[in-house]
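Participant: Quick one: this structure, given as structure tokens, is what I'll be asking you about.
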Amino acid sequence: MRTKIALDDDLVQEAMAVCGAKTKREVVDRALREMVARARRLNLMDLYGSDGIDPDYDYKRVRSGDD
Numbered sequence: 001m002r003t004k005i006a007l008d009d010d011l012v013q014e015a016m017a018v019c020g021a022k023t024k025r026e027v028v029d030r031a032l033r034e035m036v037a038r039a040r041r042l043n044l045m046d047l048y049g050s051d052g053i054d055p056d057y058d059y060k061r062v063r064s065g066d067d
């Protein structure tokens, strides 16, 4: 899909330098992929109280060997 957009040239140049992208297209593609990946990652706080994290788990007791 072709789209024309106005980009901040200084920001694009900085992004290209930071990530090593050689073209504007590459840096925009990387940014979009990172944004999507970040949005899809589960927030650990969202797991609190689910089957993944027991609210009564006492890591200090486990580390001390009083189990």
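The sequence shown lines up with residues 1 to 67 when you count with UniProt numbering.
Every residue gets a Cβ at the ideal spot worked out from N, C-alpha and C, and that includes glycine.
Could you check if V62 is buried or exposed, using at least 16 other CB atoms within 10 Å of its CB as the buried criterion?
Facilitator: With fewer than 16 Cβ atoms within 10 Å of its Cβ, V62 is classed as exposed.
Participant: The alpha helix (DSSP H) spanning A31 covers which residue range?
Facilitator: Unbroken alpha helix (DSSP H) run through A31: K24 to R40.
Participant: Determine the extent of the alpha helix (DSSP H) in which S64 is found, giving its start and end residues.
Facilitator: Looking at the DSSP string, the run of the alpha helix (DSSP H) that includes S64 is Y59 to S64.
Participant: In this structure, how does DSSP classify D54 when only helix, strand and coil are distinguished?
Facilitator: D54 falls in the coil class under three-state DSSP.
Participant: Does the distance from the CB of V27 to the CB of M16 come in under 8 Å?
Facilitator: A contact, by the Cβ cut-off of 8 Å.
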